[in-house]
Amino acid sequence: MKIERQSPKRFIDTDTIFSAIITAFFLVLFCATFSMQEVSTYLLPRVLAATGIIIGVAVLLVKFVRSHRSMQDSDTKGDDRPSEDRGLSVFYTVLLTVIYFVLAKYLGFMLTTFIAIIVFSFLLRLRNKVVIVSVAVILPVVLHSLFVTLLKVNLPEGILSSVLPF
Amino acid sequence: MLETLLSALSMVLSMKGLFHLVLGGVIGLTIGVLPGLGPVFGVALFLPFTFWMPAEYGLLFLGSLYVCCVYGGSITAVLLGIPGTPGSITTVFDGYELSKRGKAGVALGLSVTSSMIGGIIGVVALALFAPLLAEFALKFAPADYCALAFFGLSMVAVAARGDTLRGLMLGVLGVLISTIGVDLFTGGYRFTFGIEYLEGGIPFIPVAIGLFALSQAFVLAEEGGQISKPGKVTGGVREGIVQVFRHWITVLKNAILGCILGVIPGVGINITNFMAYLFEKRSSRHPDSFGRGNPLGVIAPETANNACVSAELIPAFALGIPGGATAAIFLAAINIYGLRPGYAFFADAGPIAYTLIIGLFFAQFLFFIIGIFGANYFAKVTLVPAAILVPAILALSFIGGIADRSLFLDVIVVLIFGVFGYICHKNNYPIACLILGLILGPLVEDNFTRSLQMSHGSFSIFIESPISISLWIITIGALIWGLLPDRKGFGSPEEQKEHD
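Chains as they are written, first to last, in the numbering used here: chain A, 1 to 166; chain B, 1001 to 1500.
Quick look at the structure:
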C-alpha cells in the first residue's frame, strides 16, 4: 500500500454515499417509529434514530468541510502489485456468492460447494488440478459429515438427498 | 475441605476423569473453531449425552468442552479473521493483522498463553471468591445495568478514536438493529415492515459471520494470493508466549476485569472481550497501534474472556442466577443431576463441585498443550491460496448462517452484512462499533425500560445509586475524550517501527 498526497478530495465518493445511505436509513426508521403505539415501544428507537440522523448529518458536514478545504491526506487503496497477482473484482465475488447461496439451497450444499471450489480455483488462477479436485471432493464431504452427522445441523441436501449415505 | 479437594483431584486425574476431560476438550475445540457454533451451542448439544454419566464426570466433560470451545474461537479469529465464537471478535482486529504479516505463530502463541493464564485466574476466583463476588453482582440494580450498558456504548468513542463520529453512527445503528422485532415489554412490533422474519429480530450470529467472515472472503478474493502477505510464516509460538509474560500487568488487570464482568449476570464473554480490548486501547500510550497488529490487542481480550468463562459460573453455582446462556445450561445440568445451587452446592455436593473446578483448571492446560503443539501447523492456513480459502469461507459462512435456526433467510442476513462489512472495511469504518451496539442494545433497552417501570417514569432513578453515578461520570468522560482532537497523531515512530 502506498501513501500519497491527493489533490482536492472529492465530496461525492463511496464513503459519502455510504454515510448518506446510513443517514437515510436512520430517517426511515425515525419515520417508522410514528406507527408504533406504546410509548415504551417507540421511545428508545425514536431517540436513537434521531441521534443517528444528527450524527449522520454531522459526518456528511465534516466530510464536506474537509473536501472543501482539501487539507486532508488519505491512504489510497492503490495496489502496486503486478496485475496478474490481483484477484477477482468484488462485484463478481458478491455475484458468485449470491449464486452459491441460492444454488446451495436448491442443488444442495455438497454439490454446490464442489462446483464453487472449481469455479473459484479457475477464476483465481489456481492451476494445480490434483489440488483442486482433491479439495473440491474432500472439503464438502468433511464439512457435511462433521456438521450433519456429528453436530446435527440441517444442511440442504438438494438433488443428492436420495444418494447421500449419511 | 482438604480431603474433599484431594478426592476431587484424584477423580479428575483418574483414567476415567482424564478421558472425559480430553473428550470434552477436543469436542469443544472443534466446535469453537467452527464459525456460528459457540459454547452455548456446544454445551446445549452435548448436555443430553452426559445424562448417562455420573454427575462429576458429566460436569467435568461439559466444563472442559466449555473452556476449550471459548479458546477455540480465537484460532480462526487469528488465522482467518473469522471469530469462531462471538467472544473472540476483538481478537480479529490485531490477531488477524499479525497473521497477514506472516506472524500467525506469534499471534497463536499470544492467544493460547493469555487464554490459559486468564482461565486459571478465573478458576481461582471461582474457587476462592464465589460467594463474595456473587454478592457484589447482586448489588447491581436495573438502573446500574443501564448505566453500565451506556458506559459500554461510550467505549465506541474509544474504539473509533480519531473517527468518533463515524464510530458513533455505527454504534447507534447497532443498537437500532438490536431493537428490531417484537418489544418484549409491550408486545408491539418495531421496524418489521410487515415482514414475518423480522418479528424475531435480527439474529446476532449471522450478522457477526457476515461482518467478519464473508467480508474477509470478499477482500481475500479481491486481493488474491494468500492471507500471509510475505508468503511465509515468521516468528514462532515461543515469541508469543514470551510477549505475554513480558506484558504481565496487562494480563493481570484483564484477568481481574474478566472476573468482575463475568460475575455480573447478563454481561458474558461477548461484552467482556470488547470491554477488555477497549480498556486496553484506552489506557495505551499508542491507541492508534491497535488494529494494526498490536500484541496487547490479542492479550487483553483473550485473557479477559477466558477469565470470564469461569467467573460466569459463580452466580450460577453460588446463587442460582445464571450469568449467561452457557451458565444457564450448567444450572440446568446440575439440577438434572439432582444437585442444588447455592451454599449447598459447595457444602453438600463438595467433591462434585470441586471436580468441576479442578477440571476447569486442568482444561486450561489441555488447550494450552494442543494450542502450543498445533500452532505451527495451524499457522500454515495463512499460506493456503485464496482460491481454496474463499470457497471454504463461503461454505463455512453458509453453514454458520443456517446452523442455528435452519432458516435460509439467516443466510441472506449473512450476505447483506457481508457486503456491508466489505464497504466498511474499504472505507475504514470501525465495524467494532456496530457489533458493540448490537451486543449492548438489548442490555440498554431491557434495563432502561425496567428502571423506568420501577420508578413510574421518573428518570432520577438513573442517578440514585453510587454505582450508576460513577458509571455515568466515566461514560461522559469517555465520550469527551473520544471527541477531543487526537494530539498524539498516527502512532509514534518507535511504535510504527515496532509493529510494521
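All C-beta atoms, glycine included, are put in the ideal place defined by N, C-alpha and C.
CB contact below 9 angstroms: residue i versus chain A
{"i": "valine 1263 of chain B", "result": "no"}
{"i": "serine 1406 of chain B", "result": "yes"}
{"i": "glycine 1081 of chain B", "result": "no"}
{"i": "alanine 1392 of chain B", "result": "yes"}
{"i": "asparagine 1100 of chain B", "result": "A small fix is needed here, since residue 1100 of chain B is lysine in this sequence, not asparagine. For lysine 1100 of chain B, the answer is no, since every Cβ of chain A falls outside 9 angstroms of its Cβ."}
{"i": "valine 1419 of chain B", "result": "yes"}
{"i": "aspartate 1183 of chain B", "result": "yes"}
{"i": "alanine 1387 of chain B", "result": "yes"}
{"i": "tyrosine 1422 of chain B", "result": "yes"}
{"i": "valine 1381 of chain B", "result": "no"}
Buried versus exposed call for residue i [16 or more other C-beta atoms within 10 Å across all chains shown]
{"i": "tyrosine 106 of chain A", "result": "exposed"}
{"i": "glutamate 1302 of chain B", "result": "buried"}
{"i": "methionine 1015 of chain B", "result": "exposed"}
{"i": "alanine 1107 of chain B", "result": "buried"}
{"i": "proline 1466 of chain B", "result": "exposed"}
{"i": "alanine 1147 of chain B", "result": "buried"}
{"i": "valine 98 of chain A", "result": "exposed"}
{"i": "cysteine 31 of chain A", "result": "exposed"}
{"i": "lysine 1281 of chain B", "result": "buried"}
{"i": "glutamine 37 of chain A", "result": "exposed"}
{"i": "valine 65 of chain A", "result": "exposed"}
{"i": "tyrosine 1145 of chain B", "result": "buried"}
{"i": "aspartate 13 of chain A", "result": "exposed"}
{"i": "asparagine 1447 of chain B", "result": "buried"}
{"i": "glutamine 1243 of chain B", "result": "buried"}
{"i": "lysine 152 of chain A", "result": "exposed"}
{"i": "proline 1230 of chain B", "result": "exposed"}
{"i": "serine 1468 of chain B", "result": "buried"}
Length of the line joining the Cα atoms of residue i and residue j
{"i": "phenylalanine 1367 of chain B", "j": "valine 1251 of chain B", "result": "18 angstroms"}
{"i": "valine 1112 of chain B", "j": "alanine 1125 of chain B", "result": "20 angstroms"}
{"i": "glycine 1425 of chain B", "j": "leucine 1128 of chain B", "result": "For the record, residue 1425 of chain B in the displayed sequence is histidine; it is not glycine. Histidine 1425 of chain B and leucine 1128 of chain B: Cα-Cα distance of roughly 44 angstroms."}
{"i": "glycine 78 of chain A", "j": "serine 1310 of chain B", "result": "No answer about glycine 78 of chain A holds up, because its pLDDT of 46 lies below 50 and its placement is not dependable."}
{"i": "asparagine 1428 of chain B", "j": "tyrosine 1071 of chain B", "result": "28 angstroms"}
{"i": "asparagine 1305 of chain B", "j": "leucine 1356 of chain B", "result": "19 angstroms"}
{"i": "glycine 158 of chain A", "j": "proline 1442 of chain B", "result": "37 angstroms"}
{"i": "tryptophan 1248 of chain B", "j": "glycine 1102 of chain B", "result": "25 angstroms"}
{"i": "valine 148 of chain A", "j": "phenylalanine 1046 of chain B", "result": "15 angstroms"}
{"i": "serine 134 of chain A", "j": "isoleucine 1031 of chain B", "result": "24 angstroms"}
{"i": "proline 1054 of chain B", "j": "threonine 112 of chain A", "result": "44 angstroms"}
{"i": "asparagine 1294 of chain B", "j": "aspartate 1094 of chain B", "result": "6 angstroms"}
Residue-level contact to chain B via CB, residue i, 9 angstroms cutoff
{"i": "glycine 158 of chain A", "result": "no"}
{"i": "leucine 27 of chain A", "result": "no"}
{"i": "aspartate 80 of chain A", "result": "Bear in mind that a pLDDT of 47 at aspartate 80 of chain A, under 50, signals an unreliable position, so the number given afterwards is only what the model happens to contain. Chain B, which has no Cβ nearer than 9 angstroms to the Cβ of aspartate 80 of chain A, makes this no."}
{"i": "threonine 76 of chain A", "result": "Residue placement at threonine 76 of chain A is flagged as unreliable, the pLDDT there being 46, under the threshold of 50; a coordinate-derived value is accordingly withheld."}
{"i": "leucine 111 of chain A", "result": "no"}
{"i": "phenylalanine 34 of chain A", "result": "no"}
{"i": "alanine 20 of chain A", "result": "no"}
{"i": "leucine 143 of chain A", "result": "yes"}
{"i": "alanine 24 of chain A", "result": "no"}
{"i": "valine 130 of chain A", "result": "no"}
Beta-bridge partners of residue i, as assigned by DSSP
{"i": "arginine 1190 of chain B", "result": "B:Gly1181"}
{"i": "glutamine 1226 of chain B", "result": "B:Pro1385"}
Beta-carbon spacing of residue i, residue j below 9 angstroms
{"i": "valine 1012 of chain B", "j": "leucine 1021 of chain B", "result": "yes"}
{"i": "isoleucine 1461 of chain B", "j": "serine 1154 of chain B", "result": "no"}
{"i": "leucine 29 of chain A", "j": "phenylalanine 1185 of chain B", "result": "no"}
{"i": "glycine 1502 of chain B", "j": "alanine 1386 of chain B", "result": "The structure shown has nothing for residue 1502 of chain B, since chain B only spans 1001 to 1500."}
{"i": "valine 1026 of chain B", "j": "isoleucine 1329 of chain B", "result": "no"}
{"i": "cysteine 1069 of chain B", "j": "threonine 1085 of chain B", "result": "yes"}
{"i": "leucine 48 of chain A", "j": "leucine 1176 of chain B", "result": "yes"}
{"i": "glycine 1122 of chain B", "j": "alanine 1255 of chain B", "result": "yes"}
{"i": "alanine 1395 of chain B", "j": "proline 140 of chain A", "result": "yes"}
{"i": "isoleucine 1358 of chain B", "j": "alanine 1130 of chain B", "result": "no"}
{"i": "isoleucine 1227 of chain B", "j": "serine 1397 of chain B", "result": "no"}
{"i": "alanine 1363 of chain B", "j": "glycine 1118 of chain B", "result": "no"}
{"i": "glycine 1073 of chain B", "j": "glycine 1063 of chain B", "result": "no"}
{"i": "valine 1414 of chain B", "j": "valine 1207 of chain B", "result": "yes"}
{"i": "alanine 1213 of chain B", "j": "leucine 1080 of chain B", "result": "yes"}
{"i": "leucine 1434 of chain B", "j": "leucine 1211 of chain B", "result": "yes"}
{"i": "cysteine 1308 of chain B", "j": "glycine 1258 of chain B", "result": "yes"}
{"i": "alanine 1353 of chain B", "j": "phenylalanine 1365 of chain B", "result": "no"}
Residue i: CB within 8 angstroms of a non-hydrogen atom of the ligand PLP
{"i": "lysine 1139 of chain B", "result": "The ligand PLP is not part of the structure shown, which contains no ligands of any sort."}
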